[in-house]
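Under the numbering used here, the residues of the sequence shown are numbered 142 to 560, in order.
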Amino acid sequence: VYVNAVGAQDGLVYDGGGYVFQNGRLEHEAPRLRAGHTSCTVDLDRTLRLRAENTTWRMDCEEFLEEHLPVPTIASSGTVADSTDLQYPRPASDSFFLPPAGDPARRSRASVLDELFEALALGVKDYYSKTGAFTCLGIALSGGRDSMLTLLVAWRAAELIAEERNLDSPTGLVQAFYMPSRYSTAGTRGAAATICDELDIELRVVPIDEAFERETEATREMLAGEDPTPLTRQNIQARLRAQRMWNWANTSGALFLQTGDMSERAVGYTTIGGDLEGALSVIANIPKTVVTALLERLGEAHDLRGVRETLATAPGPELDAEQEAEAELMPFDVLDSCLWLYAGEKLAPDEIIHALPTLFPDVEVEQLQAWVDRFTKLFSRSIYKWVQAPLSLHVGSLDLDRERALQLPVVQSREWQDD
């Protein structure tokens, strides 16, 4: 008999579930991610009978080994293949984070994604309910993939909260804000409005352009007339949004949810004091490729047009004109593979370069090498950002949280990587 705790404690999410096995056969399986009790009836006499039979078999085996010569063993001293000729094993799903989509011998990808979504929602619900300090959930919604997934998790968590409190509906438990600038596009704005309409979530639009101009001018004065760098101008926008979310959360008593994913956090594609802000980080343990897979699954399962509109746009923070994340970093499937091999498998950069051609045979080795070098540099230089991030939900084996997984120092030399 196996039982497990269910529910969230801080960032840990216990998935519950349980099993009853008899003589190696599964007799009963309890539902996961749901508190409660369940039972089944087993025949203990059958167990006693099988144990007696197994004892007889074991005695026969021992008698045979005593009376007969052991099975001969053949040793080979031949040469083995050069390890440099061996290819790194390619995952059946072409992803280190997702199971194959159509393998009948394994759980379906859809069921894995559904359970992951429920685990995230349970984590938010229990943090909210057990703390008892908040009135609602708040999200800065950009219309992009990360904030879209966070909104859907919050929406599901609100359903669980309403169910727990015997409320008629979760309406009013989630509040979303869209804070556009001159760089915000009609596509993301439309996606944000559509999804909030579909989920019956209030969306308040609060532009930041005027405040952006004031803050840019104040920064220019501090620089003795020098213009802020383009990166600073991007970060000003992110920090304005975070400040407004904190001000709203302080006044309304809301739980401000941070929306960043694990891939972008790993390489520092985030702003301290900006989009890294929040009280609870919902998807910080979810790589970008899984974020996309979850959205595809949720959009299909619930027929959400807002999700389809978001997926139709290229990922990007919209802090500058025509800004695309993959153009500034690298393709996210490559980035996530580097993340798994480097942080998960602890491979050295040259070993990653040897492994990637198996996963991406259509990409030139020189390009893969450039991406690996860029990833490892950004990864090492971004650890100081991770330690300033809010508490995050832990739902995977690979995590950037130093208390649970990667115990890396903030300051470290890269000489060993550059040699």
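Using N, Cα and C, we set each Cβ at its ideal position, and we do this for glycine too.
Assign residue i to one of two classes, buried (16 or more other C-beta atoms within 10 Å of its C-beta) or exposed (fewer than that).
| i | result |
| --- | --- |
| G192 | Strictly speaking, residue 192 in this sequence is Arg, with Gly absent from that position. Exposed. |
| G273 | exposed |
| A332 | buried |
| Q378 | buried |
| M403 | buried |
| T392 | exposed |
| T335 | buried |
| H535 | buried |
| L541 | buried |
| C202 | exposed |
| G364 | Inspection of the sequence shows that residue 364 is occupied by Leu rather than by Gly. With fewer than 16 other Cβ atoms within 10 Å, it is exposed. |
| I215 | exposed |
| F205 | exposed |
| Y319 | buried |
| L500 | buried |
| A233 | exposed |
| V265 | buried |
| E351 | exposed |
| A468 | exposed |
Check this for me: beta carbons of residue i and residue j, under 7 Å apart or not?
| i | j | result |
| --- | --- | --- |
| V315 | I342 | yes |
| G415 | R380 | yes |
| R297 | A262 | yes |
| A496 | L482 | yes |
| L396 | A425 | no |
| L257 | L439 | no |
| E339 | L174 | no |
| L282 | A317 | yes |
| Q163 | V183 | yes |
| P240 | R247 | yes |
| G394 | T312 | no |
| V551 | W512 | no |
| G152 | S478 | no |
| L278 | A295 | yes |
| E170 | Y160 | yes |
| Q510 | I494 | yes |
| P490 | T517 | yes |
| Y324 | D461 | yes |
Between the options, which has its C-alpha nearest residue i's C-alpha?
| i | options | result |
| --- | --- | --- |
| T291 | Q399, R385, P211, V347 | Q399 |
| K429 | F238, R175, V161 | F238 |
| E437 | E351, K266, V147, D287 | D287 |
| L372 | A365, E459, R166, A281 | E459 |
| L167 | M403, C181, D444 | C181 |
| T411 | Q375, N426, W389, F397 | Q375 |
| A453 | G285, E339, N388 | G285 |
| M471 | P456, L293, Y160 | P456 |
| S310 | F318, A317, L301 | L301 |
| R250 | I413, A425, S217, L435 | L435 |
| R382 | F353, G409, P550 | F353 |
| A407 | R190, Y525, D267 | Y525 |
| T451 | D255, V142, M289 | M289 |
| G148 | V183, L254, Y268 | Y268 |
| W387 | T499, E194, I215, I280 | I280 |
| P531 | P490, S521, G401 | G401 |
| V432 | E463, S217, F473, E418 | F473 |
| N145 | A176, H169, D151, G152 | A176 |
| E561 | L539, E405, S234 | A question about residue 561 goes unanswered here, because the residues of the chain that appear run from 142 up to 560. |
| E418 | E405, P172, I427, Q384 | Q384 |
| S270 | S236, E305, L254 | E305 |
| A466 | D255, G409, A233 | G409 |
| Q529 | P490, Q464, E492, S422 | S422 |
| R355 | R345, P369, V346, L344 | P369 |
Can you tell me where the beta strand (DSSP E) holding residue i begins and where it ends?
| i | result |
| --- | --- |
| R247 | No beta strand (DSSP E) contains R247, which DSSP labels as neither H nor E. |
| A281 | 278-281 |
| D156 | 153-163 |
| Y319 | 315-319 |
| G148 | 147-150 |
Between which two residues does the alpha helix (DSSP H) carrying residue i extend?
| i | result |
| --- | --- |
| V294 | 286-305 |
| Y525 | 524-527 |
Check: Which runs of the beta strand (DSSP E), 3 residues or longer, sit entirely within the stretch 330-368?
Finding: 343-346
Checklist line | Contiguous alpha helix (DSSP H) assignments of at least 4 residues, all confined to the stretch 446-505 | finding: 446-452, 466-469, 473-480, 490-500
Check: Fully enclosed by the stretch 369-439, which beta strand (DSSP E) runs are 3 residues long or longer?
Finding: 396-399
Next item on the list: Tell me the start and end of each unbroken beta strand (DSSP E) in the stretch 165-244 that is at least 3 residues and wholly inside, in chain order.
Entry: 166-173
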